[in-house]
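Trainee:
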Amino acid sequence: MNSLIRSIGILMLTCLLQVLIFRYAIFAGGWVIICFHIYGLIMLPFELSKTSYILIGAVVGAIMDVVLLTGGLHMAACVFTCFMTPWLTAFIAPREGFTREQSISVLHDGWGRFLVLSSLISFTYMFSLFAIEGWKLSLLPNAIGKGIASTILSVILFAIVQGLFGPKPKSNSNKTSTYHW
93 MNSLIRSIGI
103 LMLTCLLQVL
113 IFRYAIFAGG
123 WVIICFHIYG
133 LIMLPFELSK
143 TSYILIGAVV
153 GAIMDVVLLT
163 GGLHMAACVF
173 TCFMTPWLTA
183 FIAPREGFTR
193 EQSISVLHDG
203 WGRFLVLSSL
213 ISFTYMFSLF
223 AIEGWKLSLL
233 PNAIGKGIAS
243 TILSVILFAI
253 VQGLFGPKPK
263 SNSNKTSTYH
273 W
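Residue numbers (our numbering): 93 to 273.
1) Using only alpha-carbon positions, find the residue among Leu199, Ser99, Val111 that is nearest to Leu161.
2) By Cβ distance below 8 Å, which residues in the same chain neighbour Pro137 in space, the five residues on each side in sequence not counted?
3) What are the uninterrupted segments assigned as alpha helix (DSSP H) that are 4 or more residues long and contained completely in the stretch 171-230, given in chain order?
4) Between Ala154 and Ile224, which are expected to be in contact by the criterion C-beta below 8 Å, what is the C-beta distance as a whole number of angstroms?
5) Could you check what DSSP says for Phe114 in three-state terms: helix, strand or coil?
6) Leu245 to Glu188, Cα distance in whole Å?
7) Could you compute how far the alpha carbon of Val151 sits from the alpha carbon of Cys174?
8) Look at Cys170 and Gly202 and say whether their C-beta atoms are less than 7 Å apart.
9) Based on DSSP bridge pairs, tell me the residues matched to Ile125.
10) Can you give me the start and stop residues for the alpha helix (DSSP H) that Gly237 sits inside?
11) Which class does Ser141 belong to by DSSP, given the choice of helix, strand or coil?
12) Using a Cβ-Cβ cutoff of less than 6 Å, which residues in the same chain neighbour Phe128 once the five nearest sequence positions on both sides are dropped?
13) With DSSP run on the structure shown, which of helix, strand or coil describes Thr106?
14) Find the nearest neighbour of Leu140 within the set Gly132, Leu209, Pro178, Met218, judged by alpha-carbon distance.
15) Are the Cβ atoms of Leu212 and Leu180 separated by less than 7 Å?
16) Which of helix, strand or coil does DSSP assign to Gly149?
17) Within a Cβ cutoff of 6 Å, which residues of the same chain sit near Val198, ignoring the five residues on either side of it in sequence?
As structure tokens, then:
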């Protein structure tokens, strides 16, 4: 339960940062955008049910739509991403599986799994956002290109945040001095 409360707090913080700071993070003529609230979705624990993922995605997407005035784009992309998240996490799970109440972190799972899961979830969100926005089959190549470009920038930002603020390894000794006393 503690990890769920921590994850919901991270999700609320990332939504707040998306609204206050990354709201206008649109680059290259709209080809690259930063959706920092995806980091909060990535940090949700693996033990949640599919229904919980979808409900959390609907709430987060609705909040983003109301604040960013996007008319349902973020809610649709967020619900689809949260619908796909259990399968994406099962795809990258280690042989013995993830532990109960665990969310992805570099400390426990390594950079490889963190970057792969972040990339998969971020690309799913970005591609669905741009595909729904275009709403034509002829615009799917543009949606794929925009999704890849936005995913690269977002995953770089997620890696920086995970490196700076992620869980740190616990040291075996409490002494930080070079002296033995």
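All C-beta atoms, glycine included, are put in the ideal place defined by N, C-alpha and C.
Mentor: Based on what the coordinates show:
1) Among Leu199, Ser99, Val111, the Cα nearest to that of Leu161 belongs to Val111.
2) Correct list, in chain order: Ser95, Leu96, Ser99, Glu193, Gln194, Ser195.
3) Counting whole runs of 4 or more residues, the stretch 171-230 contains the alpha helix (DSSP H) stretches 198-226.
4) The beta-carbon distance between Ala154 and Ile224, rounded to whole angstroms, is 15 Å. This is too long to meet the 8 Å contact definition.
5) Of the three classes helix, strand and coil, the one that applies to Phe114 here is helix, per DSSP.
6) When rounded, the distance between both Cα atoms is 32 Å.
7) Their Cα atoms are separated by approximately 11 Å.
8) No, these two residues do not count as a Cβ contact at 7 Å.
9) Paired residues: Ile118.
10) Per DSSP, the continuous alpha helix (DSSP H) segment holding Gly237 begins and ends at 232-257.
11) The answer is coil: DSSP assigns Ser141 none of H, G, I, E or B.
12) Excluding residues within five positions, the ones whose Cβ falls inside 6 Å are Thr106, Leu109, Gln110, Phe114.
13) Helix at Thr106.
14) When only C-alpha atoms are compared, the closest one is Pro178.
15) Yes, they are a contact pair.
16) In the structure shown, Gly149 sits in a helix (DSSP, three-state: H, G or I).
17) For Val198, the CB contacts under 6 Å within the same chain, skipping 5 residues up- and downstream, are Phe206, Gln254, Gly258 in chain order.
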